[in-house]
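Just add 29 to wherever you are in the sequence shown, counting from 1, and you've got our numbering. We treat Cβ as the ideally placed atom computed from N, Cα and C, and that holds for glycine. The structure displayed is predicted, hence computed values, not measured ones. These notes are about the structure you will find just below.
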Amino acid sequence: GECRAAPFCDFRGRLHHRAVVAATRDGALWLLRDDAPGDELAAFVSRSVFREDLRIADLGASWCAHSAAEGAPPAVGAVEERDGVPLRARIAKGRVIALAGAGASLPPDDEAERIRAGRPRHGHEIHPDFTPFEVGLAHEVHLAKGCYPGQEALMRLVTYRSVRRRLVRIGGEGAAPASASDVRADGTVAGRLTSVAEDAAGGWMGLAVLRQDATSQGVRLEIEGAGDVREPETFDLTLPLGLG
């Protein structure tokens, strides 16, 4: 089988869900995610289904998806399956999403590691307030593949170069501010803190979606209830597929 990560957007190109799509040899497509239950995703997909012979089932009562740093299969995009079940799917170098039986004992999520890597999470960066381009997921968008909700809106953002915000990592000393706090640049709201965790040095680190102009060197960032905020660290920008 094969797999790839895919964003699920509305007609405006706003990001509602993200999942790993794993195709198994029996022709089934599995939507796997480790950061939220499947019922809302199933309902979202159902609203865009036009084929009567397609059946959508929420298997969350039987299976639990979780992240694993390593393990088979070795090739990015490959799936290890057994009896039609995608047990492990490699979505990137060093990143595997795996299935375990519901109720299995799983390692706790490492929020600080996720923030350091800049990986979006459902309900935080994966949120209808943002587009995939604003949270580091441009490489998961295919602009020339089929017809799907949000395709035209996303194409316009690329054509007119109108993506105004980007995902950054920020941090500071002292107590961590509340997630979803406004981030101000030179006194005006420039974006939102979307994730936050304590760091090993006794301070905090977080992810934020900020206006492009607020990510430049020398811009002073402020968050209510936080002390000095370090200059933002940007992640490498990626490009959507299908640009020709």
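Boundaries of the beta strand (DSSP E) in which R124 is found, first to last residue: Within the sequence shown, numbered from 1, the residue matching residue 124 stands at position 95. R124 -> beta strand (DSSP E) spans 124-130.
Three-state class that DSSP yields for R190 in the structure shown: What you label residue 190 is simply residue 161 of the sequence shown in a count that begins at 1. Correct three-state label for R190: coil.
Helix, strand or coil at E262 [DSSP, three-state]: Locating residue 262 in the sequence shown gives position 233, where the first residue counts as 1. Strand.
R117 and G106 closer than 8 Å at C-beta: Start at 1 with the first residue of the sequence shown, and residue 117 comes out as number 88. Start at 1 with the first residue of the sequence shown, and residue 106 comes out as number 77. Not a contact, by the Cβ cut-off of 8 Å.
Residues that DSSP places opposite A237 in a beta bridge: Locating residue 237 in the sequence shown gives position 208, where the first residue counts as 1. According to DSSP, A237 bridges with V197, L222.
CA-to-CA distance, A226 to V274, given in whole angstroms: Outside the modelled stretch of the chain, which goes from 30 to 273, sits residue 274, for which no answer is possible.
7 Å CB neighbourhood of L268 in its chain, flanking five on each side removed: Indexing the sequence shown from 1 puts residue 268 at position 239. If we look at L268 and ignore the five residues flanking it on each side, its Cβ neighbours are A167, H168.
Simplified DSSP assignment, three categories, for D64: Here the question's residue 64 lines up with position 35 in the sequence shown. Coil.
Among V164, L135, S208, F162, the one whose alpha carbon lies nearest that of M234: Taking the first residue of the sequence shown as 1, we reach residue 234 at position 205. Among V164, L135, S208, F162, the Cα nearest to that of M234 is on S208.
7 Å Cβ shell around T244 - same chain, five flanking residues per side excluded: The count along the sequence shown starts at 1 and reaches residue 244 at position 215. R195, V197, P261, T263.
Short Cβ contact (8 Å threshold) for R170 with P66: Taking the sequence shown and counting its residues from 1, the one referred to as residue 170 is at position 141. Taking the sequence shown and counting its residues from 1, the one referred to as residue 66 is at position 37. Position check: residue 170 holds Val in this sequence, whereas Arg was assumed. No, these two residues do not count as a Cβ contact at 8 Å.
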